[in-house]
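Protein chains in written order, with this note's numbering: chain A, 14 to 159; chain B, 338 to 466. Every residue, glycine too, gets a C-beta built ideally from N, C-alpha and C. Below is one structure, written out as structure tokens; comments come after it.
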């Protein structure tokens, strides 16, 4: 485990997840969210719970980095991005269940699902690009005398 | 593949049962306090198939991740399925941060450890192979 790289990857993932969340959910999907005001907190209330939002992103970034490091030990952009797609698809399930039990619009469901897939794919690629552990297995080959 | 399907169905049954118990029984009263947040019962029933599909997606994704990182190693240990090799540099890391392929059961290096030598533990790797 390369702790320094792990920490840098975690911070990079957190910054990206937070920024992407702000752009995708806070800006691009703002009008869609306004269609269901009863489901979401009012603006003033939302600011009061902002630390929870930050903490949520920290938790998400930390455990996603842990998963990437554990499941893609060889690192690499492509493999980690593929893993991110898998995690993003995992999020589609709870969103689908939320759609069934809460009065969400199909637009919100689609936006959340697509957002999660894009978010975790890019986050996985970032982590994979940063966390590349040094090769653990070095084979020493004795040179044959000429 | 057979085990994958079996694991999928076993996990699906558990997730479905647990979802029903937690959300439908234990938290029922809590949810009843916020009726404006939920669809009416009849509407929910008409969308029940989406709950089934959603849970199936969760289970499928979970089993896929498990199979890619843990398969062959039991509940707490790692195995190797799609990953190529274990990383022995993180042996002292906490369990949660250790490489998923770092397993006593599947670590090929341990098979070649010579009796009386602890080079491997000191990180000498495969130098003696």
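Residues near residue 368/B by beta carbon distance below 7 Å, same chain, minus five either side: Mapped onto the second chain, residue 368/B falls at position 31. Counting only Cβ-Cβ distances below 7 Å, and skipping sequence neighbours, we find 375.
If the cut is a Cβ gap below 9 Å, which residues of chain B does residue 75/A touch? As a working note, residue 75/A is residue 62 in the first chain. None at all; the shortest Cβ gap to chain B is about 10 Å.
Report, in whole angstroms, the separation of the C-beta atoms of residue 111/A and residue 117/A, which I expect to be a contact under 8 Å. Counted from its first residue, the first chain places residue 111/A at position 98. Counted from its first residue, the first chain places residue 117/A at position 104. With 8 Å as the limit, residue 111/A and residue 117/A qualify as a contact, their Cβ atoms being about 6 Å apart.
Is residue 459/B buried or exposed, if buried means 16 or more other CB atoms sit within 10 Å of its CB? The residue labelled residue 459/B in the question sits at position 122 within the second chain. Its pLDDT being 49, under 50, residue 459/B is placed unreliably by the model, and the measurement read from it follows with that caveat. So residue 459/B counts as exposed.
Need the endpoints of the alpha helix (DSSP H) that residue 127/A sits in, please. For the purposes of this step, residue 127/A is taken as the residue at position 114 of the first chain. Unbroken alpha helix (DSSP H) run through residue 127/A: 119-143.
How would you list, in chain order, the residues of chain B whose beta-carbon sits under 8 Å from the beta-carbon of residue 103/A? Residue numbering aside, residue 103/A sits at position 90 when the first chain is read from its first letter. The contacting residues are 394, 395, 398, 399, 402.
I'd like to know if residue 375/B contacts chain A, where contact means its C-beta is closer than 7 Å to some C-beta of that chain. Looking up residue 375/B in the second chain gives position 38. Output row for residue 375/B: interface = yes.
Residues that residue 387/B contacts on chain A, provided the C-beta gap is smaller than 8 Å: Taking the second chain and counting its residues from 1, the one referred to as residue 387/B is at position 50. Going along chain A in sequence order, the residues near residue 387/B (Cβ under 8 Å) are 109, 110, 112, 113.
So, using beta-carbon positions, are residue 108/A and residue 96/A closer together than 7 Å? Position 95 of the first chain, counting from 1, holds the residue named residue 108/A. Position 83 of the first chain, counting from 1, holds the residue named residue 96/A. No, the Cβ-Cβ distance between residue 108/A and residue 96/A is not below 7 Å.
Under 8 Å, with one C-beta from each stretch per pair, do the region 78-86 of chain A and the region 379-392 of chain B reach the 3-pair mark? no
Is there a C-beta anywhere in chain B that falls below 7 Å from the one on residue 89/A? By one-based count along the first chain, residue 89/A stands at place 76. Not one chain B Cβ lies under 7 Å of residue 89/A.
Using a Cβ cut-off of 7 Å, pull out every chain B residue sitting near residue 123/A, in sequence order please. Reading the first chain from its first residue, position 110 is the one you call residue 123/A. Those do not exist, as residue 123/A stays about 13 Å from chain B at its closest Cβ, beyond 7 Å.
Within the continuous alpha helix (DSSP H) that includes residue 87/A, where are the two ends? Within the first chain, residue 87/A is the residue found at index 74, counting from 1. It is not in any alpha helix (DSSP H) - residue 87/A carries neither H nor E in the DSSP assignment.
Indicate whether residue 400/B and residue 347/B have their beta-carbon atoms separated by less than 7 Å. One-based indexing of the second chain puts residue 400/B at position 63. One-based indexing of the second chain puts residue 347/B at position 10. No, these two residues do not count as a Cβ contact at 7 Å.
Relative to the C-alpha of residue 26/A, which candidate in 156/A, 157/A, 158/A, 144/A has its C-alpha closest? Reading the first chain from its first residue, position 13 is the one you call residue 26/A. For the residues 156/A, 157/A, 158/A, 144/A, the minimum Cα distance to residue 26/A belongs to 144/A.
Between the alpha carbons of residue 69/A and residue 16/A, how many angstroms are there, rounded? Locating residue 69/A in the first chain gives position 56, where the first residue counts as 1. Locating residue 16/A in the first chain gives position 3, where the first residue counts as 1. Looking at the two C-alpha atoms, the distance is approximately 22 Å.
Three or more C-beta pairs under 8 Å: does that hold for the region 49-67 of chain A against the region 122-142 of chain A? no
Is any beta-carbon of chain B found at less than 7 Å from that of residue 141/A? Numbered from its first residue, the first chain carries residue 141/A at position 128. No, because no Cβ of chain B sits closer than 7 Å to the Cβ of residue 141/A.
When you compare the CB of residue 391/B with every CB in chain A, is at least one pair closer than 7 Å? In the second chain, the residue the question calls residue 391/B occupies position 54. Chain A, which has a Cβ nearer than 7 Å to the Cβ of residue 391/B, makes this yes.
Using a Cβ-Cβ distance under 7 Å, would residue 338/B count as near chain A? Mapped onto the second chain, residue 338/B falls at position 1. Output row for residue 338/B: interface = no.
Who are the Cβ neighbours of residue 30/A in its own chain at under 7 Å, not counting the five residues just before and after it? Within the first chain, residue 30/A is the residue found at index 17, counting from 1. Within the same chain, residue 30/A has close Cβ partners 70, 73, 74, 132, 136.
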